[in-house]
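Here's the structure, in structure tokens; my notes come after.
So this is what it looks like as structure tokens:
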């Protein structure tokens, strides 16, 4: 019963991302899009929180959103996977349910 | 008309919302009225002037080059908060090279960006007459 959690708010600006991390279950997936994409970067004040969640969840970022904000993928936290829009669709199809943390 | 000190405070990442683009448009309009203009980049606003922005993957117009034109409109007081960069794993090297040409110094190219601490930013903000928040 794996769930895909989609986050689109910056973890530095809103608490939506933090809320999401409180509700994810082992085996779930998290996809960062739009302003949330910057949460994928290593060395930020949010990175440790996300890394803790990655122990039992899969984390993805929409690569185009990261690039638009001037962040290259080599700066991502290790283990985060970058996907394109086709990958986004695949994630939605592969998970039984989807929740957007708007 | 007396000149006022106008401060444009930018606190949001570009592209996710329209704030960054709208701020840029308003700043360019204000420049036409020859006011004393400053820009502050705080919080996620620092992503607006990150170098290497590439919007090919999201199908939106990349307006980051417009920031480089600000110097041509005599907008050369661009304050960036160091703590905001630190919190995002960024340094001044991650920012675009924004410059202006000093008419009084044989058109020498000078940096427009000034990295300031949070305490200094508070002073900069307090020193203004009018604030626009984006």
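Protein chains in written order, with our numbering: chain X, 4 to 105; chain R, 47 to 180. From the three backbone atoms N, C-alpha and C, an ideal C-beta is built for every residue, glycine too.
Identify the continuous beta strand (DSSP E) that holds residue 85 (chain R) and give its terminal residues.
Start and end: 82-87.
Whole angstroms are fine: how far does the CA of residue 108 (chain R) sit from the CA of residue 119 (chain R)?
Rounded to whole angstroms, residue 119 (chain R) to residue 108 (chain R) spans 20 Å at the Cα level.
Would you kindly work out how many angstroms separate the C-alpha atoms of residue 152 (chain R) and residue 110 (chain R), rounded to a whole number?
Straight-line Cα distance between these residues: approximately 28 Å.
Scan the segment 25-45 of chain X for residues whose Cβ lies nearer than 7 Å to a Cβ of chain R and list them as they occur along the chain.
For the segment 25-45 of chain X, which is checked against every Cβ of chain R, the residues closer than 7 Å are 37, 38, 41, 44 and 45.
Quick one: does residue 59 (chain R) have its CB under 8 Å from some CB of chain X?
Taking Cβ atoms only, chain X reaches closer than 8 Å to residue 59 (chain R), which makes this a yes.
When you compare each of X:23, X:24, X:25 and X:41 to residue 58 (chain R) by their alpha carbons, which one comes out closest?
Selected option, being the one with the closest Cα: X:41.
Since residue 48 (chain X) meets chain R, which of its residues come closer than 9 Å, beta carbon to beta carbon?
Under the 9 Å cutoff, chain R gives 132, 133, 134 and 135.
For chain X, find out if any of its Cβ atoms is closer than 8 Å to the Cβ of residue 139 (chain R); answer yes or no.
It does not: the Cβ of residue 139 (chain R) has no partner Cβ on chain X nearer than 8 Å.
Residues in the segment 101-128 of chain R with C-beta within 9 Å of chain X's C-beta atoms, listed in sequence order?
For the segment 101-128 of chain R, which is checked against every Cβ of chain X, the residues closer than 9 Å are 101, 102, 103, 104, 105, 106, 108 and 110.
Less than 8 Å between the C-beta atoms of residue 121 (chain R) and residue 73 (chain R), yes or no?
Yes, they are a contact pair.
Going by DSSP, which residues form a beta bridge with residue 102 (chain X)?
Its beta-bridge partners are X:8.
Specify, as a first and last residue, the run of the beta strand (DSSP E) that residue 138 (chain R) falls within.
Premise fails: residue 138 (chain R) is in no beta strand (DSSP E) and is neither H nor E.
For residue 52 (chain R), count neighbouring C-beta atoms within 10 Å of its own C-beta (all shown protein chains included) and say buried if the count is 16 or more, exposed if not.
That one is buried.
Give the straight-line distance between the Cα atoms of residue 74 (chain X) and residue 91 (chain R), rounded to the nearest whole angstrom.
Those two C-alpha atoms are separated by around 14 Å.
Less than 6 Å between C-beta atoms, sequence neighbours within five positions excluded: which residues of the same chain meet that for residue 36 (chain X)?
These residues qualify, in order along the chain: 11, 65 and 68.
For residue 106 (chain X), return the contacting residues in chain R, with the cut-off set at a CB-CB distance below 7 Å.
Examination of residue 106 (chain X) is not possible in this model, given that chain X is present from 4 through 105 alone.
Mapping DSSP to helix, strand and coil, what is residue 119 (chain R)?
It is helical.
Could you check the C-alpha separation between residue 134 (chain R) and residue 88 (chain X) for me, to the nearest Å?
Each residue's Cα considered, the two are about 25 Å apart.
For chain X, check one thing: does any of its Cβ atoms lie closer than 8 Å to the Cβ of residue 65 (chain R)?
For residue 65 (chain R), the answer is no, since every Cβ of chain X falls outside 8 Å of its Cβ.
Checking the sheet assignment: what are the DSSP bridge partners for residue 14 (chain X)?
None, per the DSSP bridge assignment.
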